[in-house]
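Here's the structure, in structure tokens; my notes come after.
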Amino acid sequence: MAKKKYNAFYAQSGGVTAVINATACGVIEAARASKNIGKVYAGKNGIIGALREELIDTSKESKKDIAGLKFTPSGAFGSCRHKLKSIEENKAEYERLIEVFKAHDIRYFFYNGGGDSQDTAHKVSQLSETMGYPITCIGIPKTVDNDLPITDNCPGFGSVAKYVAVSIREAAFDVKSMAETSTKVFVMEVMGRHAGWIAAAGGLACEKEGDAPHIILFPEIAFNKEKFLKKVERTVKKFGYCAIVVSEGTAYKDGTFLADAGTVDAFGHKQLGGVAPVVANMIKDELGYKYHWAVSDYLQRAARHIASATDVDQAYAMGKAAVEFADAGKNAVMPTIVRKNTKKYSWTVGEAKLADVANVEKMMPRSYITRDGFGITEECRQYLQPLIQGESYPPYKNGLPQYVELKNELVKKKLKTKFKI
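If you read the sequence shown in this note's numbering, its first letter stands for residue 313, the second for the next number, and so on.
Shown next, in the form of structure tokens:
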């Protein structure tokens with residue numbers, strides 16, 4: 313008699329990336345080859361898909377379309393920012409999860425996200441012990457912020473890093489050519505609330521003296537207005553223009569964000585407004601220079617057309633490894649990227665306990681930032697450079713990238729009750 317296969321639940325969580333669907337592809341393809349896993353049900357809009365019993369049957373998708381996810385940005389099944397509270401605080405949500413999992417024969421839980429998402433995965437992994445339901449739970453790393461601990465880097469970051477480095481280099485060529493009679497300062501805002509990894513990636517464009525960016529503003533370095541303006545003035549006098557990369561989380565010494573919008577998001581994080589215009593207007597008011605500014609916003613994390621091949625490979629590998637971990641009987645762990653100590657960049661798959669990953673942010677080491685606080689060191693460059701290597705272009709037609717749109721057929725609901733979130 314054949315061993316019974318149980319189904320798996322996969323969900324994408326938090327801000328999406330250019331390569332999170334490559335991870336989904338890795339999960340689904342590996343699960344289809346598994347001897348233990350039946351169908352993969354994807355949560356429509358993340359974990360709330362499980363709570364609402366809105367489950368997408370990925371077995372309805374063709375092999376070709378699933379493979380096409382490797383080249384498609386954003387979250388193919390929808391994502392969300394919904395953080396599960398502790399079992400003590402909101403037992404109803406956990407009871408609902410078990411109810412849905414039981415109804416659909418789900419015994420495997422794959423959660424693809426950043427720090428808050430790994431906290432959710434960790435909480436779900438405790439269901440077996442606290443509520444008596446057998447569930448194998450594997451977290452899968454994803455975040456453009458690159459701030460998960462233990463793993464060398466995070467899927468999604470390498471492609472954003474490549475986009476930012478390319479963008480500041482190209483924009484700087486434009487500014488330099490017009491600086492004599494027009495714009496002298498360009499400010500580019502990038503993501504990064506507490507960790508400056510994305511801003512640091514802009515520094516890869518600076519390969520010799522005078523190259524942009526001339527100034528990088530990191531969340532890890534307290535903003536000093538006087539010191540900053542002097543640096544801008546010196547740079548314009550020396551090179552004729554000044555290109556700046558600023559992290560959205562740049563803050564004063566007392567912790568106040570330059571761009572605090574006065575609201576919070578679903579995770580309780582302060583909502584940040586545009587820091588680029590704040591910095592640009594500061595320069596205009598104090599130094600009188602004409603400026604332009606840009607906010608990379610969704611563009612930086614949706615730019616699949618310029619994704620890093622290294623990032624795509626690692627994203628896929630993390631999804632595949634998650635299923636292999638589950639098949640091996642592992643639980644409450646997350647696959648990681650381990651950098652090998654070799655002359656030529658190479659990496660392998662490792663693992664970390666979810667308890668050690670949940671809600672822990674990995675900041676930029678001070679040794680990665682120059683003494684003046686406005687640039688990256690060679691040590692940082694050596695860390696970042698391999699992560700943006702290689703091109704992985706999507707297929708093109710009529711001059712535009714061709715991305716996959718799945719059917720996303722929902723499984724028939726089995727529960728009579730609805731769940732309010």
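Ideal placement from N, C-alpha and C gives every residue a C-beta, glycine not left out.
Quick one: measure Cβ to Cβ for residue i and residue j, integer angstroms, because I've assumed they're closer than 8 Å.
i, j, result
"Ala511", "Phe485", "The pair is not a contact, with the Cβ atoms about 20 Å apart (cut-off 8 Å)."
"Met646", "Gly451", "4 Å"
"Ala330", "Ala614", "6 Å"
"Gly355", "Ala323", "4 Å"
"Ile688", "Gly468", "Wrong, their Cβ atoms sit about 20 Å apart, outside the cutoff."
"Gly586", "Ala563", "Not a contact, Cβ separation roughly 15 Å."
"Val661", "Ala633", "5 Å"
"Lys725", "Glu365", "5 Å"
"Leu381", "Ala336", "5 Å"
"Ala716", "Thr384", "Contrary to the premise, residue 716 reads as Val rather than Ala in this sequence. At roughly 5 Å, the Cβ-Cβ gap stays under 8 Å, so Val716 and Thr384 are in contact."
"Asp464", "Ile649", "5 Å"
Which residue from the options puts its Cα closest to that of residue i?
i, options, result
"Leu611", "Glu538, Ala571, Glu501 and Met675", "Glu501"
"Phe686", "Ala627, Asn643, Leu666 and Ser559", "Ser559"
"Ala477", "Ile700, Lys709 and Tyr705", "Ile700"
"Ile618", "Ala644, Pro698, Ala473 and Tyr353", "Ala473"
"Ala334", "Ala627, Tyr353 and Ile399", "Ala627"
"Leu641", "Ile359, Asp609, Cys449 and Cys692", "For the sequence presented, residue 641 should be read as Gly rather than Leu. Per the Cα distances, Cys449."
"Ser386", "Ile368, Glu401 and Asn357", "Asn357"
"Thr432", "Ile527, Gly444 and Ser398", "Ser398"
"Gly470", "Gln714, Asn710 and Leu696", "Leu696"
"Ala507", "Gln430, Ile528, Ser494 and Gln694", "Ile528"
"Glu492", "Ser479, Asp457, Asn465 and Tyr553", "Tyr553"
"Thr671", "Thr495, Ile368 and Asp428", "Reading off the sequence shown, one finds Asn at residue 671, where the question assumed Thr. Selected option, being the one with the closest Cα: Asp428."
"Pro713", "Ala524, Arg616 and Glu636", "Arg616"
"Glu636", "Arg693, Leu367, Ser346 and Lys414", "Ser346"
"Asn593", "Ser679, Ile681, Asp625 and Phe498", "Phe498"
"Asn643", "Lys435, Cys692 and Val328", "Lys435"
"Val339", "Pro453, Thr654 and Met443", "Pro453"
Measure the alpha-carbon distance for residue i versus residue j and round it to whole angstroms.
i, j, result
"Thr455", "Gly326", "8 Å"
"Leu595", "Asp668", "The residue asked about is misnamed: residue 595 is Ile in this sequence, not Leu. Roughly 42 Å between the two C-alpha positions."
"Asn319", "Tyr420", "7 Å"
"Phe551", "Gly522", "6 Å"
"Asp568", "Ala588", "It should be noted that the sequence gives Thr, not Asp, for residue 568. Near 16 Å, if we compare the C-alpha coordinates of Ala588 and Thr568."
"Ala578", "Leu396", "Any answer about Ala578 is weak, because its pLDDT of 47 lies below 50 and its placement is not dependable; what the coordinates show is given next. Taking the straight line from one Cα to the other gives about 11 Å."
"Tyr353", "Asn424", "14 Å"
"Val576", "Gly504", "Note that Val576 has pLDDT 49, beneath the 50 cutoff, so the model's placement of it is unreliable and the number below is only indicative. Roughly 16 Å between the two C-alpha positions."
"Ser704", "Glu441", "43 Å"
"Glu411", "Lys539", "58 Å"
"Gly600", "Lys565", "26 Å"
"Leu727", "Gln438", "24 Å"
"Ala483", "Ile556", "10 Å"
"His416", "Ile733", "20 Å"
"Glu721", "Phe321", "15 Å"
"Trp605", "Arg683", "26 Å"
"Lys315", "Glu407", "28 Å"
"Glu561", "Asn402", "Per the sequence presented here, residue 561 reads as Gly, with Glu not at that position. Cα to Cα, Gly561 sits roughly 31 Å from Asn402."
"Leu516", "Ala629", "26 Å"
"Glu663", "Thr654", "20 Å"
"Thr729", "Val591", "51 Å"
"Tyr708", "Gly390", "24 Å"
"Ser736", "Val328", "Beyond the ends of the chain as shown, which are 313 and 733, falls residue 736; an answer cannot be given."
"Ser620", "Lys652", "19 Å"
For the alpha helix (DSSP H) holding residue i, just list the boundary residues, first then last.
i, result
"Gln694", "Glu690 to Leu696"
"Leu699", "Counting along the chain, Leu699 falls outside any alpha helix (DSSP H), and DSSP gives it neither H nor E."
"Ala511", "Trp509 to Gly514"
"Gln612", "Asp609 to Ala614"
"Lys351", "No alpha helix (DSSP H) contains Lys351, which is instead part of the beta strand (DSSP E) from Ile349 to Gly355."
"Leu363", "Ile359 to Leu363"
"Leu529", "Run containing Leu529: none in the alpha helix (DSSP H); it sits in the beta strand (DSSP E), Ile527 to Leu529."
"Thr442", "Leu439 to Met443"
"Gly338", "Ile332 to Ala345"
"Asn593", "Val587 to Leu599"
"Val328", "Looking at the DSSP string, Val328 is not in any alpha helix (DSSP H), and its letter there is neither H nor E."
"Ala571", "Careful: Ala571 lies outside any alpha helix (DSSP H) and carries neither H nor E."
"Asp486", "Phe469 to Met490"
Taking residue i as part of the beta strand (DSSP E), name the residues at either end of that continuous run.
i, result
"Met503", "Looking at the DSSP string, Met503 is not in any beta strand (DSSP E), and its letter there is neither H nor E."
"Thr660", "Trp659 to Lys665"
"Tyr318", "Tyr318 to Gln324"
"Asp377", "Per DSSP, Asp377 belongs to no beta strand (DSSP E); it is in the alpha helix (DSSP H), Lys375 to Gly380."
"Asp684", "First-last for Asp684: undefined, no H or E at that position."
"Cys449", "Thr448 to Pro453"
"Tyr369", "Residue 369 is actually Asp in this sequence, not Tyr. First-last of the beta strand (DSSP E) with Asp369: Leu367 to Asp369."
Cβ-heavy atom distance between residue i and the ligand SAM below 7 Å?
i, result
"Glu538", "The ligand SAM is absent from the structure shown, which contains no ligands of any kind."
Any beta carbon from chain C within less than 8 Å of residue i's own beta carbon?
i, result
"Phe686", "Of the protein chains in this structure there is only one, and it is not chain C."
List in chain order: all unbroken beta strand (DSSP E) runs of 3+ residues lying wholly within the segment 534–562. Runs of the beta strand (DSSP E) inside the segment 534–562: 554–559.
Counting only runs that start and end within the segment 617–656, where is the alpha helix (DSSP H) found for 4 or more residues in a row? Taken in chain order, the unbroken stretches of alpha helix (DSSP H) that lie wholly in the segment 617–656 and span 4 residues or more are 621–639.
Ordered list of beta strand (DSSP E) runs contained in the segment 383–429, each at least 3 residues: Counting only unbroken stretches of 3 or more residues, the beta strand (DSSP E) elements lying wholly within the segment 383–429 are 418–425, in sequence order.
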